[in-house]
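Chemist:
As C-alpha cells, then:
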C-alpha cells in the first residue's frame, strides 16, 4: 500500500478511480461498505482512502476527544491488509479545520484527475464548521462527471453501526457486540516493551504492550489470540489491569502466549480479545496468583 500525508498532485493520483472519504475510526462494517463500495463495487488496486491523522475533535473540542478504536498505525495496518492502493492520512490542524468546503473539493480535483467514484457515509460532513455535506458533494460530483456512492448504513440488531456505538460496547465489556459490528474480533495493536519480569518469575512470561491510547475494555483476564510480526497466530491469556497483588497503580496490558517461546520485545503485535474469563483481583501471595494463572491458561487452551 502507498501512503502519503498530503493532497499534492502526484503520479499516484492518476491511477485512482475510486475515493473513500472519512475518519473511519474502527474500520467497522459500515466503513467497509463505504470503502469497498455500497452500490458500486470498488477495486482495491484502484481505490484510495482519504482520512485524517488526528480525530477532528482533538483540535475542535479537545475535552470531547474520544479514545480511538483504531489509532493511525492500526488503521493503516488494516488498510494495508485489505490491499488498498493508496491511503492519504492528512494532518488535521487549525488551518485544515478552517478550510472551506469548496477549497477542499478543489484539492480533490487536482489530486485525482481520473476519479470516477467518490464514496462517503450517509452523514458525512466536511469543511469549516462542518458546512459541507452530502448534497454539496453530490453537486460537485455531478459537475465533475463523477459518480457519488452514498451507501445506506449497515445495521446491527436493528440499529445503525457507528464508531461511538462500538466504543461504548468495548468500554462496557460487550466484546461480542463490538466484534460483530467491527466484522472481526476486537483487537488492539501495540509494541512489546520490556516489563518488570514478574510473569517470568511466576513461570508465565508475558508480552507487555505499549499502545496508542486505543479504546480498551474493562480490567480483567481475557482469552484471546496474538498475531505476531511474522504473521503467525498464538493463543493468549490477556491481563488488563494494574497488577494489584504487587501494589501496581498504572493500567497495563500483558499477554502470556502458552504455546510460544521466543523474544517479542520490540515487535508490533495484534492482540485479539475473544472471551472474558474473570475480573482482576488481589491475591494474598505470588503462589496463589501463579495457581490462578495456571487455571486461566487452561481456560484459554480449552476455549477454542
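Numbering (the UniProt record's numbering), first residue to last: 1 to 304. In this text, a Cβ means the ideal position worked out from N, Cα and C, and glycines have one as well. For clarity, every value in this text was computed on a predicted model and none was experimentally measured.
#1: Give the straight-line distance between the Cα atoms of residue 185 and residue 240, rounded to the nearest whole angstrom.
#2: Exposed or buried, residue 102, counting other C-beta atoms within 10 Å across all chains shown (16 or more means buried)?
#3: To which residues does DSSP link residue 126 through a beta bridge?
#4: At 4 residues or longer, and completely inside the segment 148–192: list those alpha helix (DSSP H) runs for me, N to C.
#5: Find the nearest neighbour of residue 189 within the set 35, 119, 69, 222, judged by alpha-carbon distance.
#6: Just how far apart, CA to CA, sit residue 50 and residue 180?
#7: Specify the secondary structure class of residue 260 as computed by DSSP and reduced to three states.
#8: Looking only at its own chain, which residues have a Cβ that is under 6 Å from the Cβ of residue 105, when we skip the five neighbours before and after it?
#9: What is the rounded straight-line gap between the Cα of residue 23 and the Cα of residue 34?
#10: Taking 9 Å as the cut-off, decide whether the C-beta atoms of residue 28 and residue 36 are in contact.
#11: Compute the Euclidean distance between the alpha carbons of residue 274 and residue 291, then round it to the nearest angstrom.
#12: Here's a check: name, in chain order, each residue in its chain whose Cβ is nearer than 6 Å to the Cβ of residue 169, leaving out the five neighbours to either side.
#13: Taking the beta strand (DSSP E) that residue 117 falls in, what are its first and last residues?
#14: Quick check: residue 187 and residue 296, are their CB atoms within less than 9 Å of each other?
#15: Cα separation between residue 32 and residue 256?
#16: With distances taken Cα to Cα, identify the nearest neighbour of residue 99 among 88, 84, 80, 125.
#17: Out of curiosity, what's the CA-to-CA distance linking residue 149 and residue 303?
Modeler: Let me lay it out:
#1: In this structure, the alpha-carbon of residue 185 lies about 17 Å from that of residue 240.
#2: Around the beta carbon of residue 102, fewer than 16 other beta carbons sit within 10 angstroms, so the residue counts as exposed.
#3: As DSSP reads the structure, residue 126 sits in a beta bridge with 132.
#4: List check, alpha helix (DSSP H) in window: 163–171, 175–182.
#5: In this structure, 69 is the residue among 35, 119, 69, 222 with its C-alpha nearest to the C-alpha of residue 189.
#6: One alpha carbon belongs to residue 50, the other to residue 180, and they sit about 25 Å apart.
#7: Coil, per DSSP.
#8: Non-local beta-carbon contacts of residue 105 in its own chain, meaning distances under 6 Å to residues more than five positions away in sequence, involve 140 in chain order.
#9: CA-to-CA, the gap between residue 23 and residue 34 works out to about 12 Å.
#10: In this structure, residue 36 does not lie closer than 9 Å to residue 28 by Cβ.
#11: A direct Cα-Cα distance of roughly 22 Å separates residue 274 from residue 291.
#12: 177, 178, listed in sequence order.
#13: For residue 117, the enclosing beta strand (DSSP E) stretches over residues 117–119.
#14: Not closer than 9 Å, so no.
#15: Cα to Cα, residue 32 sits roughly 32 Å from residue 256.
#16: Residue nearest to residue 99 within the set 88, 84, 80, 125 is 125 (criterion: CA-CA distance).
#17: One C-alpha to the other measures close to 42 Å.
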